[in-house]
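Novice:
Residue numbers (the working numbering), protein chains in the order written: chain A, 78 to 453; chain B, 78 to 453.
1) Would you tell me roughly how many angstroms separate the C-alpha atoms of residue 263(A) and residue 140(A), rounded to the nearest one?
2) My output table needs one value for residue 281(B): the three-state DSSP class, helix, strand or coil.
3) Beta carbon of residue 114(B), beta carbon of residue 270(B): below 8 Å?
4) Beta-carbon of residue 434(B) versus every beta-carbon of chain A: anything under 8 Å?
5) Using CA coordinates, which residue listed in 252(B), 239(B), 344(B) is at the minimum distance from residue 199(B)?
6) Flag this pair as yes or no: are the beta carbons of residue 212(B) and residue 160(B) separated by less than 8 Å?
7) Which two residues bound the contiguous beta strand (DSSP E) that contains residue 361(A)?
8) State the DSSP-derived secondary structure class of residue 369(A), mapped to helix, strand or coil.
9) First and last residue of the beta strand (DSSP E) that includes residue 182(A)?
10) Report the residues of the segment 412-434 of chain B with a CB closer than 8 Å to any CB of chain A, ordered along the chain.
11) Can a CB atom of chain B be found closer than 8 Å to the CB of residue 324(A)?
12) Based on the DSSP output, what are the partners of residue 201(B) in its beta bridges?
13) Measure the alpha-carbon distance for residue 103(B) versus residue 189(B) and round it to whole angstroms.
14) Can the beta-carbon of residue 471(B) be found less than 8 Å from the beta-carbon of residue 369(B)?
15) Classify residue 240(A) as buried or exposed, calling it buried when 16 or more other Cβ atoms lie within 10 Å of its own Cβ.
16) With residue 434(A) and residue 292(A) assumed to form a contact (beta carbons below 8 Å), what rounded beta-carbon distance in angstroms separates them?
17) With respect to the alpha helix (DSSP H) encompassing residue 438(B), which residues constitute its N-terminal and C-terminal limits?
18) Give the single residue among 108(A), 147(A), 137(A), 109(A) whose Cα lies nearest to the Cα of residue 122(A).
19) When DSSP labels each residue in this structure, what does residue 84(B) get in the three-state scheme?
20) Given a cut-off of 8 Å on the beta-carbon distance, is the pair residue 278(A) and residue 303(A) in contact?
21) In whole angstroms, give me the CA-to-CA distance for residue 400(A) and residue 125(B).
22) So, helix, strand or coil for residue 273(B), using DSSP?
23) If you compare alpha carbons, which of 359(A), 440(A), 364(A) is closest to residue 410(A)?
24) To the nearest angstrom, how far is the alpha carbon of residue 259(A) from that of residue 151(A)?
25) Does residue 79(B) come out as helix, strand or coil in the three-state DSSP assignment?
26) Under 8 Å between C-beta atoms, does residue 392(A) make it to chain B?
27) If you measure from the beta carbon of residue 385(B) to each beta carbon in chain A, is any gap under 8 Å?
28) Could you check the C-alpha separation between residue 449(B) and residue 437(B) for me, to the nearest Å?
29) Looking at residue 366(B) and residue 336(B), is the spacing between their C-beta atoms short of 8 Å?
30) Where does residue 404(A) fall in DSSP's three states?
31) Apart from the five residues just before and just after residue 84(A), which ones in its own chain have a Cβ nearer than 6 Å to its Cβ?
32) Classify residue 452(B): buried if its beta carbon has 16 or more other beta carbons within 10 angstroms, exposed otherwise.
33) Leaving out five residues before and five after residue 209(B) in sequence, what residues of the same chain have Cβ atoms less than 6 Å from its Cβ?
34) Mind checking if residue 149(A) is an interface residue toward chain B, Cβ cutoff 8 Å exclusive?
35) Could you spell out the range, first to last residue, of the alpha helix (DSSP H) harbouring residue 343(A)?
36) Just tell me which of 191(A), 197(A), 217(A) has its CA closest to the CA of residue 206(A).
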């Protein structure tokens, strides 16, 4: 006699639950093939299959449960097919939690040489060795599949800023056609999803049109792209506000490349769930530290004799083990340990900020929390 | 009624016990104010108050219980008085175990500008900012006291190689006068000691005379200096052999700046107890890895697709968490994590080599062990 076990077919895509709301802000949980992510969440940037100056253990110790990998960098070095043959990006970089990969669209515009944009995609030469490549929506999605991304981003064109409205509109329309091709190229599977990216520059009506078009196509989540590139915080927030009404409530929202703590707090209040930014990691490598009392430049001579920790309320090893005087010394001496400790601290600061935001939403106290942060 | 508690006065100096012998090799234990060190021991180099690319926790996790700090670097930046005001070097760098500081003699010869050697000491200008300094035996010992070294090294002149016998002899005699002044300047205290340094270049009779002179002065331990600077392994070993008979059995012996694994094994067989060298740390930062199957250059393209760990028998995070392909990628991409992981691996390799040497001495199997190592 055969025993029949009936299992519900696993759901394609990623899960998203909203656990609490405070105004337009949401406390949520994204569920991926590599575990859950409590939102609002910050994603440390792991460009070349490493969050710079951090071991994966130490990234996880900050509280991060998702990192961002850069498709452009990884397809050029070490190569997407190579990473796939080695078992995928999670195994390659020994990161057991979730990974979101960008589409390569932003970096191909900012880093590649001799790039030529056509309806098909972007032809370019590698900034590393001059080799010729073609990145299309289909190839971008394929690369992200080879990497094993839990969250794939659709391929888009990133328009520079400032630029004419006509150029923004034409670029956004191209990105929407590429979004449709990205979605079609994406192989649905359990625990993996693809996000569309709202474009439209600093024009609210273009943002609305873009968001509406993406929702027609249908994505697992929606990103807001092409911001934090010089337009200023007020405009960034205005574009978030313009995009939000068109986006479904039951899907996560990701504001790309943002930002400083105040930018994140403001965007969370406007309903954003996910963020990535190089600021905490890059700042750490140049001697900058975020603290509850403001930002410190460790290169400054006023820290040379200071026995106090960076931030007495921080749980990270840089704060529990060392003085500002020591961190100043390491920074001045150009020691690798300066980058290691300050990156660890800044990512802990960001992770704790997100945890505090989540707690504030759960308690319905986001406004008070945001005002307390802003007064620093 | 008064209760009188009689306590034995704590012994000045550092302790040293010999637990087993195998030929002229010794298994021992050095006891300092910051804990015991099982010998033969390797001391990672922490030049500027950090073992480069390592947190103190990760240094201790390799098994190291003593690190070396560089007097020359620390007196110039951040300054010995500053470190003393901040609670000493142990607290400054958050290293709870023992520290040996060199005297500054070697670095002042190799790094400082406009140096002028007189009977008094060495006048020089800082390689960092051109400021004028005078390093004497008394100032060297004072700086090491300010740093809080468990083991202080007497100030000596390091003669270059090759050089005439007359120059070596004259330099050695100067170093012996400086050794006497260093010893006199050293304040004896429990758990802290001062080592003399045998000089004499590649001349066995000068080495013997130097060792004899140091023993007359009387030190807590004896170092053999001025070697591993181009004379070749056979000559290094010959100079160790020439120095040993004059040195007391009951005091630790330290071969400065040595070396590669084979150098260490050979010196342990000749009765050396302590070593320091930049090779494992510096090699790690240039993509070199020591393994039980030989040395690997991770920059080599043959590792690009290799899913195997660096060394399947190694317990370190670089070997348990990552492939050669990943380490190759990090090295080629110039990622800080390459330096972190390869330094961790190399220091683990050295710590395990020392543990294996200690086990072999305890079992009376040092010859077999040394032959097995040499056949790799």
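Note that CB positions come from ideal geometry on N, CA and C, so glycine has one too.
Since the model is a prediction, treat every value here as computed from it, not as a measurement.
Specialist: Based on what the coordinates show:
1) When rounded, the distance between both Cα atoms is 30 Å.
2) Here residue 281(B) carries a helix assignment [DSSP, helix/strand/coil].
3) Using a Cβ distance threshold of 8 Å, residue 114(B) and residue 270(B) do not count as a contacting pair.
4) Chain A contact via Cβ: absent.
5) Selected option, being the one with the closest Cα: 252(B).
6) It is not a contact, given that the beta carbons lie outside the stated cut-off.
7) Membership of residue 361(A) in any beta strand (DSSP E) is not indicated; the residue belongs instead to the alpha helix (DSSP H) covering 356-362.
8) If DSSP states are grouped into helix, strand and coil, residue 369(A) belongs with coil.
9) Here residue 182(A) belongs to no beta strand (DSSP E); instead the alpha helix (DSSP H) covers 182-187.
10) Per Cβ criterion, the list reads 412, 413, 414, 416, 417, 418.
11) The C-beta of residue 324(A) comes no closer than 8 Å to any C-beta of chain B.
12) In the DSSP output, where bridge partners are listed per residue, residue 201(B) has 210(B).
13) Between residue 103(B) and residue 189(B), the alpha-carbon positions lie close to 37 Å from each other.
14) Given that chain B is displayed from residue 78 to residue 453, the structure contains no residue 471(B) and the question cannot be resolved.
15) Exposed is the call here.
16) Not really, about 26 Å apart at Cβ, beyond 8 Å.
17) Segment 413-439, the alpha helix (DSSP H) holding residue 438(B).
18) Shortest Cα-Cα distance from residue 122(A) to any of 108(A), 147(A), 137(A), 109(A) involves 147(A).
19) Reliability of the predicted coordinates at residue 84(B) is poor, the pLDDT of 44 falling under 50, and the value obtained from them is presented with this limitation in mind. In the displayed model, residue 84(B) falls within coil according to three-state DSSP, outside both helix and strand.
20) Contact annotation: residue 278(A) and residue 303(A) have beta-carbon atoms nearer than 8 Å.
21) In this structure, the straight-line span from the alpha carbon of residue 400(A) to that of residue 125(B) is close to 15 Å.
22) In the three-state scheme derived from DSSP, where H, G and I count as helix and E and B as strand, residue 273(B) is classed as strand.
23) Nearest of 359(A), 440(A), 364(A) to residue 410(A), Cα basis: 364(A).
24) The straight-line gap from Cα to Cα measures roughly 19 Å.
25) Caution is warranted here: a pLDDT of 44 is assigned to residue 79(B), below 50, making its placement in the model unreliable, and no coordinate value can be reported.
26) Judged by the 8 Å Cβ criterion, residue 392(A) is not in contact with chain B.
27) With 8 Å as the cut-off, residue 385(B) does not count as an interface residue toward chain A.
28) Per the coordinates, the alpha-carbon of residue 449(B) lies some 12 Å from the alpha-carbon of residue 437(B).
29) Contact flag unset, no.
30) Reduced to three states, the DSSP call for residue 404(A) is helix.
31) Because the pLDDT at residue 84(A) is just 44, under 50, the model does not fix this residue reliably, and the value given afterwards should be weighed accordingly. Closer than 6 Å at Cβ, skipping near neighbours: no residue.
32) Under this definition residue 452(B) is an exposed residue.
33) Hits under 6 Å: 202.
34) By this cut-off, residue 149(A) is not an interface position.
35) Unbroken alpha helix (DSSP H) run through residue 343(A): 338-346.
36) Selected option, being the one with the closest Cα: 191(A).
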